[in-house]
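What follows is one structure encoded as structure tokens, with my remarks underneath.
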Amino acid sequence: MNPFRHLLKACGSQPPIGTWIMSGSPLVAEALGCAGFDWGVVDMEHSPLDMRDVVHLLQAIGNTKMVPVVRVPWNDAVVVKRVLDAGATTVLFPFVQNAEEAAAAVAATRYPPDGIRGMAGMSRATRFGTRADYPRHANREMGVIVQLETADALDRLDEIAAVPGVDALFVGPADLSASMGYVGQSLHPAVMDRMARAARRAAELGKPIGTLGMNAQALVQYRALGYCFVALGADLGLLMQGSQAALQALRSPHDEGHVHTLSDGTVTGASAY
1 MNPFRHLLKA
11 CGSQPPIGTW
21 IMSGSPLVAE
31 ALGCAGFDWG
41 VVDMEHSPLD
51 MRDVVHLLQA
61 IGNTKMVPVV
71 RVPWNDAVVV
81 KRVLDAGATT
91 VLFPFVQNAE
101 EAAAAVAATR
111 YPPDGIRGMA
121 GMSRATRFGT
131 RADYPRHANR
141 EMGVIVQLET
151 ADALDRLDEI
161 AAVPGVDALF
171 VGPADLSASM
181 GYVGQSLHPA
191 VMDRMARAAR
201 RAAELGKPIG
211 TLGMNAQALV
221 QYRALGYCFV
231 ALGADLGLLM
241 QGSQAALQAL
251 RSPHDEGHVH
261 TLSDGTVTGA
271 SAY
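For what it's worth, the UniProt record's numbering labels the leading residue of the sequence shown as 1, then goes sequentially.
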């Protein structure tokens, strides 16, 4: 079974938690997998990744239990073909607006006669030609997640979810809020109401739906709305949040009186790091 579809089976009891990989660092990607994230998005849309970077990230993640999902920069069959040859098994397609675009995304991940993916015998996906049966089984091993990032796309949720081969939906709160006139206000009540209605409808259709939050508090709200797989920020965001929190604690004048040095030299208190 496709690894991401297998993860989705746990949605009812324990929603899988993922994160975005934007740093381009294989070492960081491997560390995130060791940290315990269930899935991670190798992001080609908003990160400066080329195909060699994608291969290195997939190799690093392969040393962990984290399931990789590759977000391509656009719904482009040529890019998808290269990503699949590199070893990706689940692809996240940005800005899918209707059923036709969803069907094109699925077709790009399938060999003929089910799709338009080009054949390649000597690729990382085929273990460099050692998996002779790969072309016969590849179609059913592929996973497709489509991103609904505008109010118009959510209006067409039913038709998009009905496309054969679409395994899951993913709502992008930032772009959705912008399309609704609330730029930078992902948690605006109107945006949250729209997301809640999307989650309810996806549940009625039996289609898994996920989203992304910048912090744990946002994820708690999204899970309460019914989002069954969620992503916590990005590797660079987690780095920045941790760094800024530590610096703020160390530089806060309110904590100066609460720092104590023990006889062994250990520093304790609110400002100790």
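Virtual Cβ for every residue (Gly too), placed ideally from N, Cα, C. All figures in this text were calculated on a predicted structure; none of them were measured in a lab.
Please state whether DSSP places Gln-221 in a helix, a strand or coil. The three-state secondary structure of Gln-221, taken from DSSP, is helix.
Classify Val-69 as buried or exposed, calling it buried when 16 or more other Cβ atoms lie within 10 Å of its own Cβ. Flag for Val-69 reads buried.
What does the Cβ neighbour count give for Phe-229, buried or exposed, with the cut at 16 atoms within 10 Å? Here Phe-229 is buried. Its C-beta has 16 or more other C-beta atoms within 10 Å.
Could you give the DSSP three-state label for Asp-43: helix, strand or coil? Note: Asp-43 maps to strand in three-state DSSP.
Thr-90 - partner residues in DSSP beta bridges: Bridge pairing for Thr-90: Gly-143 [DSSP].
For Asp-224, which residues of its own chain have a beta-carbon under 7 angstroms away from its beta-carbon, when the five flanking residues on both sides are left out? This sequence places Ala at residue 224; Asp is not what is there. Within the same chain, Ala-224 has no close Cβ partners at all.
If Gly-143 sits next to Phe-4, beta carbons under 8 angstroms apart, how far is it from one beta carbon to the other, in whole angstroms? Gly-143 to Phe-4, Cβ: 5 angstroms. Contact.
Shortest alpha-carbon distance to Ile-61 belongs to which of Trp-74, Gly-24 and Pro-16? When each option's Cα is compared against that of Ile-61, the closest is Gly-24.
Excluding the 5 residues preceding and the 5 following Leu-236 in the sequence, name in chain order all residues of the same chain whose CB lies nearer than 8 angstroms to its CB. Met-22 and Ser-23.
Report the partner residues of Leu-232 according to the DSSP bridge assignment. Beta-bridge analysis with DSSP links Leu-232 to Gly-213.
Residue interval of the beta strand (DSSP E) (run including Val-55): No beta strand (DSSP E) holds Val-55; the alpha helix (DSSP H) holding it covers 51 to 61.
Looking at the structure shown, is Arg-124 part of a helix, part of a strand, or coil, going by DSSP? Reduced to three states, the DSSP call for Arg-124 is coil.
Terminal residues of the continuous beta strand (DSSP E) containing Pro-68? Unbroken beta strand (DSSP E) run through Pro-68: 67 to 71.
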